[in-house]
Each structure stands twice: as C-alpha cells, then as structure tokens.
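A.B. asks: Under my numbering, the letters of the sequence shown match residues 8 to 452, in that order. Glycine included, C-beta positions come from ideal geometry on N, C-alpha and C.
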Amino acid sequence: MPFRHIYRAPFRLFRLIFFLATVCLLLYWGLTRTRVGREALREQLIQVFNQEFKGSIEIGKLQGNLLNELFATRIVLKTPTGKVVATIDSLVASPDWWSMLEQTISIRQVTLFRPNITMHQHHSGIWDILSVFEPRNKRTPNPNRIPWNFTSAEINLRQGIIQTSSDASPPRIVQEGQIFDFTHTKISDLNLSASLDWRKPYKLIDLTGLSFQLPKQGFTLRKAEGQLLFDENQAILNHFFLQAGGSSIRLRASARGNSFAAKPFNLALFKNAPFQINLQQADIRANDWKTLFPKSPLQDLTIALKIRGQNPSYTLENIAFRQGETIFSGRGEATTYRDSVSFRLGIMDNLLSVPDLERWLPNAGLASFRHLRKVNISLEGGGQMGLTNPDFSFKSNLRIRHPQTGEINGFAHLRKSGNSPLFYKLDLNTNRLNLGFALQNPQLT
C-alpha cells in the first residue's frame, strides 16, 4: 500500500469524526436553543400524551434552554368529553434528559405556578379527573419489554386551587357529621414543597412544606412537614410536624414488616405490622377543628404519649395529658375488637379538676362538688368502650386526696349503656374525712 494512503486514512477518519461532531452540535443547538426545536418538542409532548391517555393536554408555549431548564405556559388537561379539569398557568422543570437513555425518569426540579384543579364526582362515585389518565390502549404484558423507572424529583407547587363537586350521595361519615363535606369544597392558596427519591433499595418522601386554606370551613393549615422512608423491612415517619391555627402536632412513627419498599402504599402491609408511635406533643385547640369534624367532642387539650404494639393489642406509655386545670400522667393497655375496645389504665397521684370532670360527665350530678375545685387522684383499673355506640364501663381501685376534705380509698364502678343515664357505684373508706366541707354542711364536720 502506498505510504500516502496510510497517511491519509487517519486524516480522513479525523475529518469524518469532525463532521459528525459538527452535525451533532448543530442538531443539539437546534433542538435545545431554537424556537423550531422547542416547538417540535411541544408538539411531540402533546402527541405522546394524547396517544397514551384517553384525556388530552394542551401546551401554550415552551421556552428556555431545554437542556437545563424548560419553561411551559398555559397547560390545560381535558377529559375525553372535552371538559377542562386542570389548568396550570406556568411550569418550570429541570429534567435529566440523559437518564431517559436508560429508560429512567429523573427530574431535578419541577415547579407548578397557579394550578387550578376542578374535580366532579359522577353518580357512580367516579371522579372525572381519573378519566384523563385512563390508558387509551391496554398493553399486552411483554416480559421482554424494559419498563420505565422513576428515580427522583423535587416538586414545588405555588398558589394552587382545588375545587370539588359531586352528583353522588355524600359518604356515610359526611352524612353522619363526623367530617366536613369534602365532595363540595374548595382548597385555596395551596403551596407544596417536597422531594421524592425512588431509587433502590429504599423509597423516600421528604415533605418540606405544605400549607393551604379551606375558605368555606374557615380552616388554615399553616405548615406541615415530615419525612417518610420505606425500605424492605420497615416504614419510618421522621420529624412530622403540623400547625393549624393555634394547634400543633409533633410525632414520630415506625412499622416493621416485609416488602414495604416494593409496595409502600399497600395499607394491608400495615394492618398487622408491629409499630410504634411517639406523639411527642399535641396542642389541640378545639375551635381550629370544629368545622372539619362537626360532631367531634374535641376540647382544648395538650397530650403526649407513646403507643407500641401489634393488632389487636397495644401498650400506652409515657402518657401526659392536660385539659383545663386537669393534669395527669400514667400508662395503659388496650385490645381492640370488631365494635369495642377493652383497656387498662394506671394513673398515679394526678390533679383532677372537678369543673373539668363535670364538663366531661354532664349528667353525673357533680355540681354540688364544684367548691372542691381540684383533687389529687390515683387509680388502677380497666374497662370497655364501644366503637360504634356510646356504651362504656370502667372499674377501678382509687385514692382521692383533698387538702380540706382528707383522703378516700376504695373502689369505683362507672357504666353507661345506650341512651340510659350514667350509672356509678362507689365503695369507699377513710380514716380522715371532713364530710362537712365536702357536702357543704357544717353540722357534718
């Protein structure tokens, strides 16, 4: 072979590589930085969505450097009948395009500005927004097909609105007044910041901020945050904090089991899983929640406790309760049944306010003992409480102390069945009792 041919071969290869690199560079520039490239991508996104789902999507305009940041405006989602169910004023996303080469979806960050979602429930109970994402064609399972994977995303939502309406009968809990009618409501000023990490061997949801308003109910969720982690053997809720009005809740929780990472939202896995809940502190102000739970007997209170166990038996530890002027701490056990719960409770030397007790038991005839104000009480007992009816029974050994009245020891039995008045029986004894002060009768002193 002539020497010049040997010399020219690498040179021609270099020219070919240079040519291909130039073409790729121009193609990259055209697709990511020109209006034509952005328009082609917009049409492709619309086509793919409309081919995949029965609903449809409209995108007004794409802008930005598509490699690093994508800016979309006037996004509209419609049902198969053409009804608009969601609009997004604008969207900013930073996708990882290279991950798609590996059949993987990874979004560094996506922010939705002023999304407005309108959901209507048909007589059948189905929400119309679900029809938007119903697959257009059912695919035949293909074992050789490489599935798409989702790894991570940082999601932000700003000034969102969600409105609901319904032609169906309200759920039973709504009809009974246990909860507000969420099928006819409006959520406004919805703001969300969260990140998802779905990489093996765990799944992580990190909620760094959530707030919204329910104008009709006069409810404002000021802040909610927490971290939920799933791995193969456990699910962990770290540092959950919620603030609504003057109320706040702070807790941690965990559950142990199998396949949590594979099926993180399968509630059946939690049903019989050993768990632990550490309610570090809950400050509840009844007025903050009364419009959400109209028939709830909630009153202002502060409580902390630790619950651990496995269905149907549970242990309550480090109980600390305060309501009004009543303060007590203790421990307990509980076992649940289909329509009731049995329990044992131990409270040692705690402070009980008689006016508070009268408010809890309005038919117990305690008005004549209001002057006692506060008594120290210790009890060790157990009972049963209905879950679907007001039945209640409690038997306990007790000790009651009061500075002016003295000390009482004995046994108490309280029982309430159906709509009948509260029944109580006391078997007490004392070595020192100022009965005159207790009954406000000086002749008995």
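For Glu-232, which three-state DSSP category applies?
C.D. replies: Three-state DSSP puts Glu-232 in a strand.
A.B. asks: Quick one: residues in its chain with C-beta nearer than 6 Å to the C-beta of Asp-398, no 5 flanking neighbours on either side, listed in chain order?
C.D. replies: Ser-424.
A.B. asks: In the DSSP assignment, what residue or residues form a beta bridge with Asp-356?
C.D. replies: According to DSSP, Asp-356 bridges with nothing at all.
A.B. asks: Starting from the C-beta of Arg-292, find all residues in its chain whose C-beta is less than 7 Å away, skip the five residues before and the five after it, and write them out in chain order.
C.D. replies: Counting only Cβ-Cβ distances below 7 Å, and skipping sequence neighbours, we find Gly-252, Gly-253, Ser-254, Asp-307.
A.B. asks: How far does the alpha helix (DSSP H) with Ala-293 in it reach, from first residue to last?
C.D. replies: Unbroken alpha helix (DSSP H) run through Ala-293: 293-296.
A.B. asks: Using a 10 Å radius around the Cβ and a threshold of 16 neighbouring Cβ atoms, would you call Asp-356 buried or exposed?
C.D. replies: So Asp-356 counts as exposed.
A.B. asks: Taking buried to mean at least 16 other C-beta atoms within 10 Å of its own C-beta, is Ser-172 buried or exposed?
C.D. replies: Ser-172 should be labelled exposed.
A.B. asks: In whole angstroms, what is the alpha-carbon distance linking Lys-302 and Leu-394?
C.D. replies: Distance between the alpha carbons of Lys-302 and Leu-394 is about 15 Å.
A.B. asks: Within the continuous alpha helix (DSSP H) that includes Leu-379, where are the two ends?
C.D. replies: Segment: none, Leu-379 is in no alpha helix (DSSP H) and carries neither H nor E.
A.B. asks: Roughly how many angstroms separate the alpha carbons of Glu-365 and Arg-408, rounded to a whole number?
C.D. replies: Each residue's alpha carbon lies about 18 Å from the other.
A.B. asks: Counting only the same chain and skipping the five closest in sequence on each side, list residues whose C-beta sits under 6 Å from that of Thr-343.
C.D. replies: Correct list, in chain order: Pro-319.
A.B. asks: Take Asp-363 as the anchor and find which of Val-139, Gln-330, Gly-353, Asn-383 has the nearest alpha-carbon.
C.D. replies: Residue Gln-330 is the option with its Cα nearest to Asp-363.
A.B. asks: Report buried or exposed for Leu-435, applying the criterion of at least 16 other Cβ atoms within 10 angstroms of its Cβ.
C.D. replies: Classification for Leu-435: exposed.
A.B. asks: Out of curiosity, what's the CA-to-CA distance linking His-130 and Gln-166?
C.D. replies: In a straight line, the C-alpha of His-130 is about 30 Å away from that of Gln-166.
A.B. asks: DSSP three-state label for Phe-282, please.
C.D. replies: Correct three-state label for Phe-282: strand.
A.B. asks: Does the pairing of the stretch 180-195 with the stretch 221-229 give three or more beta-carbon distances under 8 Å?
C.D. replies: Contact holds: three or more Cβ-Cβ distances are below 8 Å.
A.B. asks: DSSP state of Glu-183, grouped into three classes?
C.D. replies: Coil.
A.B. asks: At what residue ranges does the stretch 50-81 contain a whole run of the beta strand (DSSP E), taking only runs of 3 or more?
C.D. replies: Taking only runs of at least 3 residues, the beta strand (DSSP E) segments lying wholly in the stretch 50-81 are 63-70.
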